[in-house]
Amino acid sequence: MSSLPVDDVQGQQYFDKIIAEDSRIEPSDWMPAGYRKTLTRQVSQHAHSEIIGMQPEANWITRAPSLKRKAILMAKVQDEAGHGLYLYSAAETLGTSRDELVDQLLVGRAKYSSIFNYPARTWADIGAIGWLVDGAAIANQVPLCRASYGPYARSMVRICKEESFHQRQGWEILYELSHGTPAQKQMAQEAINRFYGPALQMFGPPDADSPNSQQSMAWNIKRFTNDELRQRFVDMIVPQAEALGLHFEDPDLKWNEGRGHYDYGELDWDEFKSVIAGEGPCNVQRMQRRRQAFEEGAWVREAAAAYAEKCERIDPNLISA
Ligand code: 3HC
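Count along the sequence shown from 1, add 7, and you get the number used in this note's numbering.
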């Protein structure tokens, strides 16, 4: 006999039915504690990644080579801030406040994507980030538009549309450089040499070392495993690199007729673990900058709260209008 209270038994039955039907769970629905916990973990890590991910590119806004490139890059960095906000809002619907989630990041208890701990050394790196990093993000996130948790899935729809503009702008930067002078082409090649491995690691550890995948797939949060998405991405970027006139410096990268996929070399998983553990080239700098920005933004939060309180007092409809 089940030891769950009746409400929980009924809730579990309803939840199982929704998952079996491949429908959506909404915030007011009953959900297992583990489902809520893993979604809060994944969605908040994703939000933190978007926010920290603004740094390597924001760093290039003042050095963009033309006014047009500067305007495009500013729009892209602002988009990432927006993505962070949608995702914090989606995470909040699971019952943890944004303040608490942000605090987890600032005290170093929350993860964010490994990729953002690498520096953007040249303008070509901005191209490589757009093409490879945002490209990997799209490959990973398009299936999340079908995640079983409604607010997360819906936020991913808009995010993916914007990411696709980001990827195109990265591609276009690299296209210009790879069709420019020999020095520009070399700069583009060196940028993709730097970002190839870390971009593939964005998909997470190999399936055999991914503790969360199996349960997240059973709950229809993840639709594909880390290795499946990584393979899909490799298959996509190899012909794109050829179209750019560039190549990946991976001696094991070759078409496998039998598998119908590209084989690729083993990634440096020791490096991945050390980056996640805080020892990547920019982890310290990224967190210092985030804490500083948070402290410097205190007056904005206070002013917004005071304004909301004033509107509420004068006319509550003002705030919701
Ligand atoms: N960087 C840092 N941590 C990572 C990671 C990465 N690239 N890949 C996996 N991890 C962490 C996981 O978070 C998990 O940590 P935890 O159990 O302590 O929380 C641990 O490593 C084990 O990995 P799993 O494969 O078991 O974890 P998941 O099932 O959660 O899968 C994921 C990892 C594929 C990243 C999944 O969480 C996911 O799809 N998340 C949503 C997308 C996302 O967060 N992307 C981050 C990049 S954001 C971005 O790209 C923005 C853009 O503008 C470029």
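Backbone N, C-alpha and C fix where the C-beta goes; we use that ideal spot for every residue, glycine too.
Taking 7 Å as the line, does the beta carbon of residue i fall inside it for any heavy atom of the ligand 3HC?
| i | result |
| --- | --- |
| R48 | yes |
| P72 | no |
| M209 | yes |
| L181 | no |
| D277 | no |
| A312 | no |
| H90 | yes |
| A40 | no |
| P330 | Because residue 330 is not part of the residues shown, which for the chain are 8 to 328, the question remains open. |
| D322 | no |
| S56 | yes |
| P212 | yes |
| S220 | yes |
| F199 | According to the sequence shown, residue 199 is Ile rather than Phe. Result no, Cβ not under 7 Å from the ligand 3HC. |
| D29 | no |
| N290 | no |
| K168 | no |
| H186 | no |
| V140 | yes |
| A215 | no |
| E87 | yes |
| Q52 | yes |
| S121 | yes |
| N66 | no |
| K44 | no |
Return helix, strand or coil for residue i, following the three-state DSSP convention.
| i | result |
| --- | --- |
| D233 | The amino acid occupying residue 233 in the given sequence is Asn; Asp does not appear at that position. Three-state result, N233: helix. |
| L274 | coil |
| K118 | coil |
| L101 | coil |
| S73 | coil |
| A312 | helix |
| G134 | helix |
| W67 | coil |
| R128 | coil |
| H173 | helix |
| T188 | coil |
| M8 | Here the model assigns M8 a pLDDT of 42, short of 50, so the residue's position is not dependable, and the following value carries that caveat. In the structure shown, M8 sits in coil (DSSP, three-state: anything other than H, G, I, E or B). |
| L80 | helix |
| N200 | helix |
| H254 | coil |
| V109 | helix |
| Y149 | Correcting the residue identity first, residue 149 is Val in this sequence and not Tyr. Correct three-state label for V149: coil. |
Could you please give me the residues that DSSP links to residue i through a beta bridge?
| i | result |
| --- | --- |
| Y332 | Nothing in the structure corresponds to residue 332, since the chain is present only between 8 and 328. |
| T268 | The amino acid occupying residue 268 in the given sequence is His; Thr does not appear at that position. In the DSSP output, where bridge partners are listed per residue, H268 has N263. |
I'd like to confirm something about residue i: is its beta-carbon nearer than 7 Å to some heavy atom of the ligand SAH, or not?
| i | result |
| --- | --- |
| G60 | Questions concerning the ligand SAH fall outside what the structure shown contains, since the ligands it does hold are the ligand 3HC. |
Compare the C-beta of residue i against all C-beta atoms of chain B and say whether one is closer than 8 Å.
| i | result |
| --- | --- |
| Q62 | This model lacks chain B altogether; it includes just one protein chain. |
Would you say the stretch 85 to 105 touches the stretch 114 to 129, given that touching needs at least three Cβ pairs under 8 Å?
no
Using a Cβ distance threshold of 8 Å, determine whether the stretch 196 to 204 contacts the stretch 169 to 179, with at least three qualifying pairs required.
Contact between the stretch 196 to 204 and the stretch 169 to 179 is absent, with fewer than three C-beta pairs closer than 8 Å.
Inspect the CB distances between the stretch 69 to 77 and the stretch 45 to 57 and report whether three or more fall short of 8 Å.
no
Between the stretch 94 to 101 and the stretch 40 to 51, do at least 3 Cβ pairs fall closer than 8 Å?
yes
Is the number of C-beta pairs between the stretch 18 to 37 and the stretch 147 to 166 that are closer than 8 Å three or more?
At 8 Å Cβ cutoff, the stretches touch.
Touching by the beta-carbon criterion (3+ pairs, under 8 Å), the stretch 109 to 125 and the stretch 282 to 302
yes
The stretch 164 to 172 / the stretch 98 to 107 touching (three or more Cβ pairs under 8 Å):
no
Check whether the stretch 231 to 247 and the stretch 140 to 149 are in contact - that is, three or more C-beta pairs closer than 8 Å.
yes
Pair every Cβ in the stretch 249 to 266 with every Cβ in the stretch 181 to 192, then say whether three or more of these pairs are closer than 8 Å.
Contact holds: three or more Cβ-Cβ distances are below 8 Å.
Whether or not the stretch 290 to 299 and the stretch 273 to 281 are in contact is what I'm after, with contact meaning three or more pairs of Cβ atoms, one per stretch, closer than 8 Å; do they touch?
no
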